[in-house]
Amino acid sequence: MKIIIMAGGYATRLWPITKTKAKPLLPVGTKRIVDHVYEKVLKFNSPILLSTNKRFEDDFKKWAEGKGVEVVVEDTMREEEKLGAVKALAQVVENIDDHFLVVAGDNIFSFDLDPLVELFRERKAPVTALYDVGDYELAKRYGVAELEGEVVRKFYEKPEKPPSTLVGIAIYAFPKEIAEILVEYVGGNEKSDNLGDFLSFLCQKIDVYGCVFSNGNWYDVGNPDSYIEAFKFYTDSSVHESVEIAKAAKIIEPVVIEKDVVIKGRSIVGPYAYIGEGCEIDSSDVSESVVFSKTVLKRVRLWRSIIDDDCEIRNIELSGSIIGGHAKIQRG
């Protein structure tokens, strides 16, 4: 079985941060989002491929060093050119002759995938992972499965009246024969680039099985709020030895503070804060936030926000904000 990590999107809902950073490479504690996916599939001792785009090719190749991951690149540089998940997957599987396990690179989940792989080996048919969100209102945000026993009869994309609380979470196991159907589906000029739509199409042709996960946690990192929530759940603590912390400053774990950071005055950093390399935090409070490298915060209160590289922010309170790189914001 080949394992394919899908990481070719441009994550427009997290712009401007993801204009320069691939979403799967955003930090969650000391790791990146894609590290959590990689660690979950590594146990299967199978070849791993990661599908991405030309814009982030170098970043993923650097991440893949020493991991034995083959990076497959689609020739696109911006959102308007992207192939979409279906066409990108078809491009990958066209060149392999094996069963394949597909996992979205922005998925963070705490459960193991062994039950899904076991069901696939038992049924020798497509299997999709389903997560029980336990709430019909919440299910309306996702693709929802209608199950008959173990068989998925239909998928409903963001339905007004969900038939269940079982949502698709972009994890699939496919027998190698599905590669040909996938290529034909793409060749038929289907408009959708959503793998859930391909699965609905597949359900009309053959039995597709659902593997339900009701225990553990799953985060679909699609917007700033969900990213911060995943960050809070998975973050660990690490303060680089080079970090300078003033006597009056306070660090409340868990936090991740990268090298060459200077924390001055009566700053409070944490809990749930990521401070990137070379930042200066002066007389500021930072919690439940991600601050990327070489940013200066002076007399700032920051909560549930994401600040990109090389920003300079002074004398202000920010909550639920997302600030693009090189911004200068000052009050007074």
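Just so you know, the numbering used here puts 287 at position 287 of the sequence shown, and the rest follows in order with no gaps.
Note that CB positions come from ideal geometry on N, CA and C, so glycine has one too.
Judged by DSSP in its simplified three-state form, Glu118 adopts helix.
For the 8 Å CB-CB criterion, Val208 and Ala125 form a contact.
Bounds of the beta strand (DSSP E) holding Phe174 are Leu166 to Phe174. Just so you know, the alpha carbons of Ala246 and Leu166 end up roughly 50 Å apart.
For Lys40, the enclosing alpha helix (DSSP H) starts and ends at Ile33 to Leu42. Within the same chain, Cβ atoms closer than 7 Å to the Cβ of Pro224 are found at Leu14, Ile306 and Ile322, the five residues on either side in sequence being excluded. Per DSSP, the continuous beta strand (DSSP E) segment holding Ile48 begins and ends at Ile48 to Asn53.
DSSP places Ser200 inside the alpha helix (DSSP H), whose first and last residues are Leu195 to Cys203. With fewer than 16 other Cβ atoms from the protein chains shown falling within 10 Å of its own Cβ, His240 counts as exposed. In this structure, DSSP gives Glu280 an extended state, which the three-state scheme calls strand. Given a length threshold of 3 residues, each whole run of the beta strand (DSSP E) inside the stretch 226 to 290 is given here in chain order: 255 to 257, 262 to 264, 273 to 275, 280 to 282 and 285 to 287. When the Cα atoms are used, Asp197 and Val86 turn out to be separated by approximately 9 Å. At least 8 Å separates the beta-carbon of Arg301 from that of Arg314.
Per DSSP, Glu150 lies in no alpha helix (DSSP H) segment and is marked neither H nor E. Ranking Ala248, Val186 and Ala273 by CA distance to the CA of Arg266 puts Ala248 first. Distance from the CA of Ser287 to the CA of Ser226, rounded to the nearest whole angstrom, comes to 16 Å.
DSSP places Glu160 outside both helix and strand once states are collapsed to three, so it counts as coil.
Annotation for Lys154: Glu146, Ser200 and Cys203 place their beta carbon closer than 7 Å to its own, counting only its chain and skipping 5 residues before and after. Linking Ser164 to Ala139 through their CA atoms gives a straight-line distance of about 8 Å.
In the structure shown, Trp63 falls within a helical segment according to DSSP collapsed to helix, strand and coil. Counting along the chain, Ile313 sits inside the beta strand (DSSP E) bounded by residues Glu312 to Ser319. Collapsing the DSSP output to three states places Leu302 in a strand. A straight-line Cα-Cα distance of about 27 Å links Glu244 and Phe233. With respect to Pro271, Glu258 sits apart: the two C-beta atoms are not nearer than 8 Å.
Ile5 carries a strand assignment under DSSP once its states are collapsed to helix, strand and coil.
For the options Asp260, Lys176, Ser293 and Leu130, the alpha carbon positioned closest to that of Ser214 is the one of Leu130. Exclusion of the five residues before and after Glu94 leaves Ala179 and Val183 as the residues of its chain whose Cβ lies within less than 8 Å of its Cβ. Rounded to whole angstroms, the gap between the alpha carbons of Asp282 and Gly187 is 57 Å. For Tyr185 against Pro162, the beta-carbon gap comes to about 25 Å, at or over 8 Å, which does not count as contact. According to the DSSP secondary-structure assignment, Thr128 is paired through a beta bridge with Tyr172 and Gly210.
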